[in-house]
Amino acid sequence: MKIVAANRLTDGETVWLGAGDRWVDTIDAAHVARDAEDEARIAAAGSAALAANIVIDVTLVDVDIAEGRILPKRLRERIRAGGPSIHPEIGKQARNAAQHAA
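As structure tokens, then:
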């Protein structure tokens, strides 16, 4: 199983390719390719977004599904999903903390 990760060109935030080939802010909203044909389709959608200067650093990411959540196999991608590791008060980490506190 694979997903497409990238960084949005306008602000550098990590984003994932979701349903309808839209870029989403949370990994759990990413579209998971479960076969080679779908993997090729999402890779092509990522490449098209790169060519259109919507995103950069387009990466096909190996994932597992654990307890209904998308879990990247590589540590680098797990860190990207969590947000910046140096400033937890900004970016995804801050938004996640605020959502869990509510």
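Per full-length UniProt numbering, residue 1 is the first one in the sequence shown, and the count goes up by one each step. Beta carbons are placed, not taken as given, at the ideal position from N, Cα and C, and that holds for glycine.
Have a look at residue 51 and residue 24 and give me their C-alpha separation to the nearest angstrom. One C-alpha to the other measures close to 18 Å.
Where does residue 74 land, buried or exposed, given buried means 16+ other C-beta within 10 angstroms? By the neighbour-count rule (16 or more Cβ atoms within 10 Å), residue 74 is not buried but exposed.
Using C-beta distances below 6 Å, list every residue in its chain close to residue 64, excluding the 5 sequence neighbours before and after it, in chain order. The residues are 71.
Please give the ranges of any beta strand (DSSP E) in the region 7-59, keeping only runs that are unbroken, at least 3 residues long and fully inside the region. Restricted to the region 7-59, the beta strand (DSSP E) segments that are unbroken, complete and at least 3 residues in length are 14-17, listed in chain order.
Mind reading off the beta-carbon distance from residue 6 to residue 58? Whole number of angstroms is fine, and I expect it under 8 Å. About 5 Å separates the two Cβ atoms, so the contact holds.
How is residue 69 classed by DSSP in three states: helix, strand or coil? In the structure shown, residue 69 sits in a strand (DSSP, three-state: E or B).
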